[in-house]
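Structure first, commentary second.
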Amino acid sequence: MQSKRGNFLGGLKKILAITEVNRTILLIVITFCIYIFNPFFYTGANLRLILIWGSIFSIMVLGAMLYLIPAGLDLSFGGVICICNVLAAKFIQDFGFPVWLSVLSILLIGFLIGITTAQFSNFFSPPFRFILPVFIFTLMLSFVLTGFGRIITRAFPIYGLPDSYAKISKTMFGPIPIVFVYLLGIVAVLTFFLYFRPFGWRLFATGLNDGVARKVGINVKRMRLLACGFGSFIQAFAAILVGSYLAVGSVLIGPPYLLPILAGAFIGGISLAGGEGSPFGAVLGGFTVYLIENIIVVLAVAAFWKEVVIGLFLLFFVIFEFYRRKKVAAVLL
Amino acid sequence: MREIIRTEKITKRFENVVALKEVDFIAHEKEIIGLVGDNGAGKSTLMNILVGLFPPDEGTLYLEGRETHFSSPADARKLGIEIVYQFGNLVEGLSIYKNFFMGREMKKRMGFFNVLDKARMKQISEEVLNEIGIPQDPEKLIESLSGGQMQAVALGRALHFGTRILLLDEPTRNLSLKEVHRSLTRIEKIRERTSMSIIFVTHNVRHVFHIADRIVVLDRGEKVFDQNKKDTTIEEIAKMIAKETVFLH
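If you read the protein sequences in the order shown, they are chains F and W. Each residue of the first sequence is one higher than the one before, counting from 2 in our numbering. Each residue of the second sequence is one higher than the one before, counting from 5 in our numbering.
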């Protein structure tokens, strides 16, 4: 009897130790607490909002994840989202591009930004660890791309975008918003490549130890090119979704996402040092950071508290992760 | 014995430093070669050239008599050259079976796609580990193994993939006495069971002398000694490396 109970508890502990499981439980507990304070939280309108913006945030975190797994701490996505969102509006409004051509051009631009980042960083790694040139280059990119956005638009927002552009993110399938369908599609594709194809194993190995990965015959540079290219491609897609949903091309969209997306990645169990992360974790992280914003609105807390709350959440997860890793290390020793 | 790999007048420079100078080296099948030398002798450089980590500046590499050029470690691996570092070429954070098949994953057909055949890879890695005497759950993280066990995983991997030339980089460093004994026994067993050519790179002459057929000594990038073990003594080799009489007892 005693051993059966012990086995059950042991099994339960193992399940709870899985990052994605404990984060999901935590998320459910948080939302339930909020519901007690304000029942509006569980109304259809608010849940739809959470589904739409949680999906968009999650797509952004998924893009960041592709950079982070091979150990590339990307700071450019604020700039990438900014320039892609502005250019999409510009292509449609000023150059008369059809919506489909504008979207394709933006996705290509996003992909090329990622490839350029990886090329630059591969050139300097080794001797530097990959994370360092990526950090520097993407920090520079973030400023430069946002700056270009301002130059192109003179900091004026671009309005008057066609309905066909808005439909990209506003279409609904019954109660399900299309952005959630996009999210499921991206998660499915990434899950397939990360867990069912050699690409995933090799990408994780590159992030965990690029020296050994190279020695066992993995083309580390190609892995990073693909990961960064598709990371920025996903970010560019997120930029189109935000621009299309808000029906505007503005330089104000993008840069403020830096902290929430990095926080989302960390909360979702994606290691900022590389080699760890999962699409499901990224989705959890994306929804959590949007939930924080949503909770602030639902509880009628002044918006100025948003950064403070996200910061406190991060601190909480750092402490949580510290004790979890300590426990795992103790088991291994 | 059949020649497996040969280098002819291999030279490698790093800026102004000559790491290897016109080194001729040969390895035959079923032979264990002790490649020894002090720090900076050029052992690692020679090894890295043999596994395709970088090309030589001058000289030629022959594999089974044919001139060969490696553009990457993957090239060398495809031709059956495998290197095992002190604790294997293993990625901590990944499981045993993932490390075992990393870079050479098995796939199966699923609908329109080729996907990883995880069940088969787990089964094979478990079988090979049992065979070499370290029964382990293939899903365990690699860092949960001891140094000697990690090395055994890497050796098992080399065995399974039909390696023809196995380079061992300081395989006995930092191992306990018991693990050194196990490691040397394992290497000898591999030689008995396969036609592999084994190049054992080490500082520790005593360890390699015990199992080697031939000893090659490098000194400041030059080959200064290359003889069968039976024609030399451990003291002579140690003296050549240290350049003074060494008391080994």
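C-beta atoms are modelled at their ideal positions from N, C-alpha and C, and glycine is treated no differently.
With distances taken between CA atoms, Val212 of chain W lies nearest to W:Leu172 out of W:Leu172, W:Val95, W:Ala123. For a Cβ distance threshold of 7 Å, residue set Gly97 of chain W lies close to Gly276 of chain F, ordered along the chain. Cβ neighbours of Glu21 of chain F within its own chain (closer than 7 Å, five residues either side excluded): Gly270, Ser279, Phe281, Gly282, Leu285. Counting along the chain, Thr118 of chain F sits inside the alpha helix (DSSP H) bounded by residues 100–124. With a cutoff of 9 Å on beta-carbon distance, Ser201 of chain W and Arg168 of chain W are scored as near each other. For Gly63 of chain W, the enclosing beta strand (DSSP E) has its first and last residue at 62–67. Looking only at F:Trp306, F:Ala214, F:Leu247, the smallest Cα-Cα distance to Pro77 of chain W is reached by F:Ala214. If you draw a 10 Å sphere on the C-beta of Cys34 of chain F, you find fewer than 16 other C-beta atoms in it, and that means exposed.
For Asn93 of chain W, the C-beta contacts it makes with chain F under 7 Å involve Val213, Lys216, Val217, in order along the chain. Runs of the beta strand (DSSP E) lying entirely within the region 19–67 of chain W, each at least 3 residues long, are 21–32, 36–40, 62–67 in chain order. Just so you know, the alpha carbons of Pro139 of chain W and Glu130 of chain W end up roughly 7 Å apart. The Cβ neighbour count for Met173 of chain F, taken over all protein chains shown within 10 Å, is under 16; the residue is labelled exposed. Here Ile36 of chain W is actually not in contact with Glu7 of chain W; their C-beta atoms are around 15 Å apart, not less than 8 Å. According to DSSP, Ser201 of chain W shares a beta bridge with W:Ile169. Rounded to whole angstroms, the separation of the alpha carbons of Leu108 of chain F and Ile57 of chain F is 16 Å.
For Met141 of chain F, the three-state secondary structure derived from DSSP is helix. Contact residues of the region 103–128 of chain W toward chain F are Met106, Gly107, Glu109, Val119, Leu120 (C-beta to C-beta distance below 7 Å). Secondary structure of Asp95 of chain F (DSSP, three-state): coil. Against chain W, the beta carbon of Arg24 of chain F has no neighbour under 8 Å; the closest one sits roughly 19 Å away.
Around the C-beta of Ala80 of chain W, 16 or more other C-beta atoms lie within 10 Å, and the residue is accordingly described as buried.
One thing to note: Arg210 of chain W has its Cβ no nearer than 9 Å to the Cβ of Lys233 of chain W.
Comparing alpha carbon positions, the residue from W:Glu62, W:Gly63, W:Leu83 closest to Val55 of chain W is W:Leu83. Annotation for Gly208 of chain F: Ile70, Pro71, Ala72, Gly275, Gly276 place their beta carbon closer than 7 Å to its own, counting only its chain and skipping 5 residues before and after. Straight-line spacing of the CA atoms in Glu135 of chain W and Met125 of chain W works out to 15 Å. Annotation: Thr289 of chain F is outside any beta strand (DSSP E); the continuous alpha helix (DSSP H) that includes it extends over 280–299. Pairwise C-beta distances place the region 46–64 of chain F in contact with the region 249–268 of chain F, as three or more of them are shorter than 8 Å. Ranked by how close their Cα comes to the Cα of Phe323 of chain F, the residues F:Val243, F:Arg130, F:Leu242, F:Phe267 have F:Phe267 in first place. Here Phe104 of chain W is buried: its Cβ has 16 or more other Cβ atoms, across all protein chains shown, within 10 Å. For Lys233 of chain W, no beta strand (DSSP E) segment is defined, and its DSSP state is neither H nor E. Distance from Leu74 of chain F to Val135 of chain F at the Cβ level is roughly 6 Å; contact confirmed, criterion being Cβ atoms closer than 8 Å. Among the CB atoms of chain W, one or more fall inside 9 Å of the CB of Ala206 of chain F. Each of F:Ser272, F:Leu300, F:Gly287, F:Ala239 was checked against the Cα of Val319 of chain F, and the nearest Cα belongs to F:Ser272.
Nearest to Asn20 of chain W by C-alpha distance, out of W:Asp61, W:Glu12, W:Ser48, is W:Asp61.
Rounded to the nearest whole angstrom, the C-alpha separation of Lys222 of chain F and Asn123 of chain F is 6 Å.
When the alpha-carbon of Gly265 of chain F is set against those of F:Gly150, F:Ala65, F:Ile37, F:Phe238, the nearest one is in F:Ala65. In chain order, Gly41, Ala45, Gly46, Lys47 place their CB closer than 6 Å to the CB of Leu222 of chain W, counting only its own chain and leaving out the 5 sequence neighbours on each side.
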